[in-house]
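Numbering (the numbering used here), first residue to last: -18 to 295. For glycine and all other residues, C-beta sits at the position ideal for the given N, C-alpha and C. As the structure is a computational prediction, the values presented were derived from the model and not from experiment. Single-structure report; data block below.
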RNA sequence: GGCGCCAUGGCCAAGCGGUAAGGCAAAGGUCUGCAACACCUCUAUCCCCGGUCCGAUUCCGGGUGGCGCCU
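As structure tokens, then:
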């Protein structure tokens, strides 16, 4: 009998957190973060992390624990998430994953552990320099020689992923395609239902995004960004430094742009992110979509609860 | 009122006689190892009218609009 796991997915600012909390209250569940940025400490406003009162209503896991200076990846997330599910199980609670990082969920539900491979920063720098000097195709050719299958799947211009594939081979002695093939053999350890929030009217989502960014600014996003900047988070080549919400504001702090323009950049980056998420969730996993246009959280929860009770729990 | 400059896709912008670079945004997409990352695809007949020319976005004249300066 597999552990039952519910995942609330969807684009950023679609209202996942609110829905997850409402469902957790109704169904007796606990929330597990599957968001690559909300895991970090000191990044509260910009990542739209649940606030004090929300955290008080329902038990939340894997939020706000990682050091922004430390690189954190999907491979780090999987064992933590698995352990968290184990940890909750004895309480008989429903596990509710909530977050927008589709890759994390995808990997978690694929059931395979990552073979441990090292991160080799100097190798990355070396390969970047190689690509710069001899061209993307030359670098891609190197991958083609050791792992033609991965080379086939990764576009030559996608230097970052070409390097990662090379790095996997260098640090583990196995090719990425070999490891991928192995992991494909394992099955999902959980009994999963995924509920996705979407909008019939794209503009409605974009309005929510714009509104939320303005709200973040009111809540002190600039102060939070400045603190991270002063602490040197953005100097590090860390995952946290990639978070939307901060890096777009850097040009303002450097005096390169008026605040107004930096904020517009932030809104655009968020909208583009939402679009990518929709593309991802459309083609990964069996998501049951519910439309949120004009609905309140409780109306949305009614709908989601109905689906869950009908198809998932007895 | 006079003089000068400018007028290219939603925005920025190159071209300056042979039928429109590039960037951004938008849209669509890829992604099993940094994923709020990275990458791919993709969008115009050049303000209007007339003239010169085999041929004008490119030259000439006029108009309209904008910017600057002068009285």
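Top-ranked residue by Cα proximity to residue 269, from 286, 234, 32 and 210:
286
Can you tell me the Cβ-Cβ gap for residue 2 and residue 42, rounded? I've got them flagged as a contact below 8 Å.
Wrong, their Cβ atoms sit about 13 Å apart, outside the cutoff.
Residue from 273, 53, 9 and 34 whose Cα sits closest to the Cα of residue 185
273
Sorted by chain position, which residues of the same chain lie with C-beta nearer than 6 Å to residue 125's C-beta, five sequence neighbours on each side aside?
132
What residues match up with residue 272 in a beta bridge as DSSP calls it?
179
Using the beta-carbon count (16 or more within 10 Å), is residue 46 buried or exposed?
exposed
Check whether the segment 182 to 197 touches the segment 244 to 256, counting contact only when three or more Cβ pairs, one atom from each stretch, lie closer than 8 Å.
yes
Unbroken beta strand (DSSP E) run spanning residue -15, endpoints:
-16 to -10
How is residue 78 classed by DSSP in three states: helix, strand or coil?
strand
Assign residue 143 to one of three DSSP states: helix, strand, or coil.
helix
Do residue 101 and residue -15 have their beta-carbon atoms positioned less than 8 Å apart in this structure?
no
Thinking C-alpha only, which one of 48, 11 and 16 is nearest residue -9?
16
Report the start-end ranges of each beta strand (DSSP E) in the segment 217 to 277 that is 3 residues or longer and not cut off at the edges.
268 to 272
Quick check on the DSSP output: the beta strand (DSSP E) that includes residue 10 runs from which residue to which?
10 to 14
What's the C-alpha gap between residue 288 and residue 179?
15 Å
Which one of -17, 95, 205 and 157 has the shortest CA to CA distance from residue 135?
157
Within 10 Å of its beta-carbon, does residue 237 have 16 or more other beta-carbons around it, so buried, or fewer, so exposed?
exposed
Taking the continuous alpha helix (DSSP H) assigned at residue 66, which residues delimit it?
55 to 69
Run through DSSP, which three-state label would residue 47 get?
strand
When DSSP builds the beta bridges, which residues end up paired with residue 21?
47
Residue closest to residue 293, alpha-carbon to alpha-carbon, out of 204, 207, 174 and 202:
174
Out of 75, 212 and 109, which one is the CA nearest neighbour of residue 5?
75
Can you find the residues in the same chain that come closer than 8 Å, C-beta to C-beta, to residue 264, ignoring five residues on each side of it along the sequence?
none
Assuming residue -12 and residue 86 form a contact by the criterion Cβ under 8 Å, report the distance between their Cβ atoms to the nearest whole angstrom.
6 Å
Quick check: residue 90 and residue 151, are their CB atoms within less than 8 Å of each other?
no
Residue 53 versus residue 28 - alpha carbon distance:
16 Å
How should residue 220 be labelled, buried or exposed, when 16 other C-beta atoms within 10 angstroms of its C-beta is the threshold for buried?
buried
Could you check if residue -3 is buried or exposed, using at least 16 other CB atoms within 10 Å of its CB as the buried criterion?
buried
Let me know the secondary structure DSSP gives residue 39 once reduced to three states.
coil
Flag this pair as touching only if the segment 52 to 68 and the segment 31 to 38 have three or more C-beta atom pairs under 8 Å; answer yes or no.
no
Expected contact under 8 Å - CB spacing of residue 278 and residue 8 to nearest Å
Actually they do not touch by this definition, with Cβ atoms about 15 Å apart.
Beta-carbon spacing of residue 110, residue 120 below 8 Å:
no
Please return the same chain residues whose Cβ sits closer than 7 Å to the Cβ of residue 201, not counting the five positions on each side in sequence.
26
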